[in-house]
Structures are given as C-alpha cells and as structure tokens.
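Student:
Number of protein chains: 2
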Amino acid sequence: MATQQALLDSIKEQTILSEISALSGWDALTGMPKDAGHFRADVDAYLAEKTFQVATGPQRQQLLEALSADKSALDDFGQLVLAKAQKDFDVTGKIPEKDYIDFQRTLSEAQDYWAQAREANDYTIFQPYVEKIIAYLKQFIPLWQTDEATPYDVLLNQYEPGLSVAKLDAVFDELKTGIMALRHRLETLGTEPDGTFLSRQVSKDKQREYALAASQRLGYDMNKGRLDDTIHPFMEALNRDDARITTRWDEHNFQMAVLGIFHEAGHGLFEQNVASKYDAVRAVMPISMSIHESQSLFNEVMVGRSKAFWQAEYPKMQAVFAPTFDDISFETFYNGWIKTEATLIRTEADPLTYPLHIIIRYEIEKAIFNDNVPVAELPQLWRDKYQEYLGLTVPDDLTGILQDIHWAGGSFGYFPSYALGHLYAAQFMATMQKTLDFEQIYASGDYTPIFEWRKQHIWQHGGAVDPGDILMAATGEGLNPQYWLTVMNDLYATAYQLPK
Amino acid sequence: MATQQALLDSIKEQTILSEISALSGWDALTGMPKDAGHFRADVDAYLAEKTFQVATGPQRQQLLEALSADKSALDDFGQLVLAKAQKDFDVTGKIPEKDYIDFQRTLSEAQDYWAQAREANDYTIFQPYVEKIIAYLKQFIPLWQTDEATPYDVLLNQYEPGLSVAKLDAVFDELKTGIMALRHRLETLGTEPDGTFLSRQVSKDKQREYALAASQRLGYDMNKGRLDDTIHPFMEALNRDDARITTRWDEHNFQMAVLGIFHEAGHGLFEQNVASKYDAVRAVMPISMSIHESQSLFNEVMVGRSKAFWQAEYPKMQAVFAPTFDDISFETFYNGWIKTEATLIRTEADPLTYPLHIIIRYEIEKAIFNDNVPVAELPQLWRDKYQEYLGLTVPDDLTGILQDIHWAGGSFGYFPSYALGHLYAAQFMATMQKTLDFEQIYASGDYTPIFEWRKQHIWQHGGAVDPGDILMAATGEGLNPQYWLTVMNDLYATAYQLPK
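If you read the sequences in order, they're chains A and B. Mapping of the first sequence onto this note's numbering: position 77 corresponds to residue 75, and the numbering continues sequentially without gaps. Mapping of the second sequence onto this note's numbering: position 137 corresponds to residue 135, and the numbering continues sequentially without gaps.
1) Excluding the five sequence neighbours on either side, which residues of its own chain have a C-beta within less than 7 Å of the C-beta of Thr322/B, listed in chain order?
2) For Ile243/B, name the three-state secondary structure that DSSP assigns.
3) Quick one: which residues of the region 209 to 230 of chain A get their C-beta closer than 9 Å to a C-beta of chain B? List them in chain order.
4) What does Tyr352/A reach in chain B if we use C-beta pairs closer than 7 Å?
5) Taking its Cβ as the centre, do 16 or more other Cβ atoms sit within 10 Å of Gln270/B, making it buried, or is it exposed?
6) Closest to Thr175/A by C-alpha separation, out of Glu386/A, His230/A and Pro140/A, would be which residue?
7) So does the region 402 to 413 of chain A actually touch the region 430 to 438 of chain A, counting three or more Cβ pairs closer than 8 Å?
8) Just grab the DSSP bridge partners of Ala235/B for me.
9) Strictly under 8 Å for the Cβ-Cβ distance: is Asp239/B near chain A by that measure?
10) According to a CB-to-CB cut-off of less than 9 Å, which residues of the region 29 to 40 of chain A neighbour chain B?
11) If I measure Cβ to Cβ from Phe328/A and keep anything under 6 Å in the same chain, skipping five residues before and after, which residues do I get?
12) Along chain B, in chain order, which residues have C-beta atoms closer than 8 Å to that of Leu236/A?
13) Could you say if the region 436 to 451 of chain B and the region 131 to 140 of chain B meet the contact criterion of at least three C-beta pairs nearer than 8 Å?
14) Spell out whether any CB of chain A is found under 8 Å from the CB atom of Asp203/B.
15) When you compare the CB of Tyr44/A with every CB in chain B, is at least one pair closer than 8 Å?
16) With DSSP run on the structure shown, which of helix, strand or coil describes Leu225/B?
17) With a cut-off of 8 Å, does the C-beta of Ser16/B fall near any C-beta of chain A?
18) Just checking my contact of Leu267/B with Tyr218/B at CB under 8 Å: how many whole Å lie between their CB atoms?
19) Spell out whether any CB of chain A is found under 8 Å from the CB atom of Ser274/B.
20) Listing by chain order, which chain A residues have their CB less than 8 Å from the CB of Asp25/B?
21) Going along the chain, which unbroken runs of the beta strand (DSSP E) with 3 or more residues stay wholly within the region 327 to 388 of chain A?
22) Name the two residues that bound the continuous alpha helix (DSSP H) containing Gln60/A.
23) Could you tell me the alpha carbon to alpha carbon distance between Glu234/A and Arg242/A, rounded to whole angstroms?
24) With three or more C-beta pairs closer than 8 Å as the rule, is the region 388 to 408 of chain B touching the region 112 to 124 of chain B?
25) So, at 6 Å on beta carbons, what are the nonlocal neighbours of Asp167/B in its own chain, with the 5 sequence-adjacent residues on each side left out?
26) Mind checking Gly443/B: buried by the 16 CB within 10 Å criterion, or exposed?
27) Taking the alpha helix (DSSP H) that Gln205/B belongs to, which residues open and close that run?
28) What does the Cβ neighbour count give for His182/A, buried or exposed, with the cut at 16 atoms within 10 Å?
29) If you run the structure through DSSP and keep just helix, strand and coil, what is Leu400/B?
30) Could you give the DSSP three-state label for Ile93/B: helix, strand or coil?
31) Taking the alpha-carbon positions, what's the Asp7/A to Ala71/A distance?
32) Measure the CB-CB distance between Lys305/B and Pro191/B and report whether it falls below 8 Å.
33) Can you check whether the CB of Ala281/A is closer than 8 Å to the CB of Ser16/A?
34) I'd like the span of the alpha helix (DSSP H) that includes Gln3/A, first residue to last.
In structure tokens:
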C-alpha cells in the first residue's frame, strides 16, 4: 500500500543505512587499524548496495509513482518528504543501472590513479580517468536535465538547488574584481603584520583544551559530539545527537587547529540543531553544501577572524597557553592572526584569497562542460589562471591540478559551494549585526544570542529548505557578494593599517 | 539453487552484518557521544532484525535442509560450514519466532531492571525478571535438547560444546579442594608479601606505553588493532585485521591496566591469527569462550604472573616508569605482584581465588535448572557459599548476587567457560614447557617461539575446531585441573616463602 507511512518507513531504512555508513567512514579516517582496509571495503560495498536497493529499488519506485499520482494520502510533511525523495531518486534512478555501476567503479579506480599520479607528481597518469569521468557525466547530463540552461548548470544544481552559470558569472566577477583590488591596495599601501609568533610551540593538549572550550562557548555540544585526530579534517554527523569533528595538529602552527576546530564545530553546530522532526528522513534531506559551509565559515571567519571576538578570547587563549604569549600584545596578536598571503594550495588559503582558488576551478569546470575544452589542456589553463589571479607560478602538478580529490570523485560543480559559503556567512553576519551587539556579546562571555539566531534562522531547517530560500528569509535579500567584500575590506584595512 | 557457494554467500552477508554490529558495539562503549544512545538503539535493532532474517529466514532454512539432505555438492570445507551454520540456526531457529522476540524483549527489560536493582541495592527489584528468564529457558531447553543428560547440560553445551555437569562436577571438586588447601597453607605457613608499592602513582601515558610495548613483544599487532579507554574492558574483533582492545586506568593501581591490557591483547592475538580461510564464515564459527579465555588468561596469568617473564620485563617496566620503582628490588616487586587476597567481586579476584567465584555461580545455576531451587532463595545461597568457600561475609546485594550482568542477559551456563580458560591455559603451558625454554626466551627479548606455538596449536583454528579437540590435539590429554593447581602452588610457594 502506497501510504505516507510506507514512504517514511522506507526512508527511515535509508537513513539508518546512511548512519551506519557514516560511522564506518568516520572510523576509517580516525583510527581504524592500518591493515583492515580490505575488510572494510567489503562492508562499505555491502552498505552501498543495500542503500542503492532501498533508495532506487522497485518498492521505492512504486511508492514514488503512486504517491506522486495521488497526493491525497499525504499531509504537508509527507509532500515535502515525497519531493525530496523524488529528487534523491532522480540523481541515480534516472541512470541505467549498468551505467551507474560502471561509473562507480570508474570513480573508485580514478581515486587510486589520482593517488598514484600524486605520488609520481604526473598529471598524465590521472588524465585518462578524468576523461572517462567527464564522458560519463556528459552522457548523464541530458538524463538529469530539466530546465537548466547549460550542461554545467545541471551539475551546479545537484549541489546547490537553483544555482546557475548566469548567476555565478556575475557574482564571481564582482568577487574577483573586489578581491584583486583589495589585494592591490594591501600590497601597495599596507603595512604587513608580523606573524612570527604564530609558529611558537603550543602542545597538542593545550591547543585542544582552548579550541574545544571556545567551540563550546559558541554552542558546540560535546554530549552530542567528540573530537578525534585525522589527516584531512572533516565533520561527520551520524545523527543530530552524534556530530563528530576531527582535526590535525601542528605544535608549531596552533592557528591551524584552532581555526580548523572552529570550522568543523560550525558544521557540527548545524547538525546538532536540526529540528527533530527530520530525524528519520535525513537521508533524503541532506543539508546543501553551501549553507553547511556558511556555518563552518561563520565560525572560522566571521567569528574566528573578528577583532571583537579576539578582544574577549585572546586573554582566555593566553591563559591556557601561558606563558607562551604573555609578551605578545593584543594588537600584535590580532594583526598577525589575520595576515594574508597567496598560497598554491586551496586548503591552506586564508579567507581573502580562498575565493580565487574556487573561481579558478569554476572557470575550468565551466570550460570543460560548456566549451568542451580538452582534458589535456587543463594543466596549462590551471597554471595560467594561478599566475593571473594569484600571481603565483605553479611549479608542478602536485601543487597544481592534482591537489584536490574532488574530480576523482566525480564531484564537478561542487567547488562553487565553498565560495558561496563565504558569501552567505558574511550576509548572515550583516543581518545579525542589525539586532545583535557582537562586541557586547563577546565581552559578556555568553554567546547564546548568536547561537539562538543561527539556530532559529538556519540550523533548524536542516535540508528541508533550499539555501536560497533560507538566505532570503533570514536576510531579506538574494545573494549579494558586497557583504563579504565589506567584511574583508574592514578586516584587512585595520590589520594592514590602510589609509582611510 | 542449494550450492556450496549459495551457502557461503548467505553466511558472508551474516558475517558482514556481525562486523557492522561489532563496530557499533565497540563505538558505543568507547566514546560515542553521551546523548546518542536512542539513535544507536534504532541502528542496533535494525542490525539485529537483518541478522535474524539472514541467519534463520526461509532462504537459509532451505539451504540448510537441501544441503543436509544431499551433501554431494559440498567439499570438506562446505561440510564444516554447513554443520556450523546448522548449529547456529538451531539456537534461535528452533524457538518459535514469537517466543524468541518476547524473550529478547524480556532480556532487554531485565538489563534495565538489573541496573535499577543495583542502584537501589535491592535484589527483589531484579528477581521477577530472573524468574521470567529462567522460565523461558526452561521452556526452550526441551527444544534444544539432543542427547544431553540434564537440563543444565543443554545450556552448558551452548557455550562449550561437549561440556557436561558430570565432567564439571569432577573438575570443580578437584579444583575447589586444591585451592582451599593451598589457601590454608598460605594463611598458616606463608609470609604475606608487601604490596604497598603497587599503589604508587604512574601516569596513564606511561602505563599505556609499557603495557602496549610488552603486549607487542607477545605478538599483539597494532597494525591490526588499537587501544581505547572504556569502563568495563573488552576486546572486540571486527575481523582478523581489526581486533581492538580496551582498558580502564587508575593512576594509583598500574597493575590493573598492565594485566588488563595483557588480558585483552591475549584475546586480540587469537583473533588476529585465525587462518584467513575462515574470514567469510566468522559469523557461524565463533571461537568458543573457554578457549578464547584461555588465551587472554595465558597472557595475564601464565605470562603476566610468571617469575621468569618479570625477571626480563621488570627492568623494562622500571625504565618506562622511572624513577618511581628504582628503589624496589625485583624480589619485592615480584612477591607483591602476585599477592593473593579474597574479594567479594569476581572481576577483582586474583588468579588463585577466581575459580571459587565461578564454582559458586556454577553450583547455583545447576541448582536452578536441575533442582528447581526457587529464585527467591538465591541471595541466601550466594551468601552461604561466599562464606564457606572464600571466608567472606557478603554485606549486601550489590557486592553479592547483583554484581554480574550475565543472568540479566540470559547467559546461564556461561560462567564455567571462565574457569575452563584458566585450566586450559595452564595445561597448554605445561605442554609448551616440554619443548620451549621460557627462561631463555624471556631473557632473549624475542618471544616469537611462544607466539608461534600458540598460533600453530590454537589460534589458527579459530572456531572451526571444538575446544576439547584443540586441547587434546595440542596437549595429548583431556582436561586435567592438576596442571593449573601445580602452577598456582609453584607461584605462591615462592612468593609466600612456604617451607618446601
């Protein structure tokens, strides 16, 4: 019987399977014994197969068809869930099963060859797999396409509902111009801060103590989370009451773990505060990447680079790290803390240069799918753009086109979410400043008003509301990159003592 | 089609499900966020249901029936697997599904009421659930019974194939007499060692460093394992390449974690060294408890209480803990290390008194199932036996009959495995001493010969060979408690300076 309950039961099974996969994934990256990978591959393949069956099998298909044809059995919640489940189904269900399986196998191989190519520092080893993946995606795009304008629009929409090349072209153009202008002013008119104190030794235990305490002041709940060590930090949410964060440590670069933990705790905050009514349907209502990233970046940049925040927090950090920074004044600390410098590696970039890394990738992906640029030409394209936008000469593939795993995973159209996250964070911040006095809140030590605003306007909705709608409802405006450019101009004008 | 491959595929699915359950169980006891229990309960219920379907559902039933009727499709391995799968099926498959589900629910409730009874220190809260569980088991026993002599024999056989009340009565009688005689000699003729140094402070990090290094010298492979903190220590093996151990710490009782880690690493050694041919059929070939315990206890007692071992290891431990024990001579250390004292709590017992705790539980369980002793009389029975065998007055239920969770879990017939583990360990040791020079091996620092013997004679067989057969093949003899009594007499005669 095609009832709402039958749909919810089916989705609950999918949610439980995704929860198990999340546990397995977290474990594999935080301390699973080194030799156990081959056994774990069997477990993960089993889970993927079961999930595929539940999410796209005949039972789900019949439910979707029957309930779409006659919605009288569904209340509002049921209709929302049906729409989300249909969307979830379309991504894989519209592809012939054989092609889907071949594609997954190609992705799995591609990741191995990406790793090999990195080891050999030679893009040509990876190139045939990029070509294969792109060929598959070009074959799938017409199956996925509904009313999007260009092939690349179809991919963008899978990660960010409602996003288009037309919108991004305009936004990224504004952003690129603004960033390059500010960087030019800093170079020609600014005084570069001294950041040497940032490499003073701070033990892992002390870094952990401070960063977790501050993250908890921002609302991250350790009764619904934990912090583990890993190589490439991430947050993994099994459910609302189990949103685990991870970090890496460098005793001579405490900024990395402190901001990294703020960042992941921002993701964790989101997951911990999704409304409980979505518990059993999480699997078909993933939170969109851009809005998720807006919350990690809110923690990392809007809070973690804010002068008012550090005015309150620096003495607390000094006390935990004492006596290491007793001789560093607040001004010296803060200016060094937000020092900006172009890097070849995206994940090491500071907030000001980060969007340029994304714009480069966006322009290359657009060229691949909309202009059919050959894959062999991508390394040169990459080098040219890094020279032009960041003024950096890319010396090799490892620090160039081989740095990200995303393409090996088939994730074309994903990178823009990272930049949107920055822009959303700043736009939320600008709205919050109309009703919240951040200086007073930070000085009080009780950050609850910030927590409550974010929970009410953003987190509680989980993946139920599209990011563009959340932004509009919360800020009364569509995406506007000027908020972010204003934040950046303010931050760096102070730290680099630009003339007013 | 009822082929060998179809059977193996079905069992592989069961094995993967059990691997996932093991990961979930390990995670829940080592650091899952405090608030996540209710979500995890859903996951575990789902896994239990899937496992039940795979292990006892129509497909498995048809395979078992068809392959049992015509074994021509099976090679030797297939026949072994069929027999094990049939045995696995019989434990649950012979019970009507409704009764099985009701029983599981009763067990789940019983564990809550056991915890409540412990909190109130009042057995009568738990008593109705013990009665229910016993009633269920008495109802199931005739369904399980094949040729066992008494009802309690049926339960014993589920944990230890081939075990009987007749055998255990004889063995435990010999054991009880021997232990009580030795304890009497120690009390009247011995000099009690000074163990005060055992409470000197040793940091958790140093305890961990030493205990893991020694465990690795004994062969525990950290590339196939890890060590985590927990409340009630255990080893959890997801598979041969992922056998995780856990411990608890007390900075003023380093002996607890050192011997605890040796113990769990002994379990881990077993799992890490099962032959790879059993990888996919683990779920129907669990290693029997007694033989498993013999290997943890071999590490903890036969190695971890041995004078020759500590002659080689004490300087290594002193170096890691330096300077804390620089003033403690080897003789003082060793005698204090094996000091014996009766305790009310089984899990805190030393090797000499431990079997008496088991014998008490054995006698009570036998009285319940074979003599129908009323459940209301058990606390008095418990108190009488602790007085008689250990000379201890039990002050309350918490330190008496409510101390173990086993009955709340329906595990009647399980306790004897612990005592058998002690006896097996000593019997293996006696055989090994015929060909291995332990003093020379320990002095050399290379413990490989001990590792190799255990792997060849015990570990590689996993759960494929019954414990009695492993014992017979390895030692050329059936179970003989005199080996264990000899070890104990030797250990304590030295430490307590008994007259020769």
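Ideal Cβ positions, reconstructed from N, Cα and C, are used throughout, including at glycine.
Tutor: Answer, in terms of the structure:
1) Arg198 and Val200
2) strand
3) Asp219, Met220, Asn221, Lys222, Gly223, Arg224 and Asp226
4) Within 7 Å Cβ-Cβ: nothing; Tyr352/A doesn't reach chain B, min ~31 Å.
5) buried
6) Glu386/A
7) no
8) Ala241/B
9) yes
10) Gly29, Met30, Pro31, Lys32, Asp33, Ala34, Gly35, His36, Phe37, Arg38 and Asp40
11) Tyr312
12) Ala34 and Phe37
13) no
14) no
15) yes
16) strand
17) no
18) 6 Å
19) no
20) Leu21 and Asp25
21) none
22) Pro56 to Ala67
23) 5 Å
24) yes
25) none
26) exposed
27) Lys202 to Arg215
28) exposed
29) coil
30) coil
31) 15 Å
32) no
33) yes
34) Gln2 to Thr28
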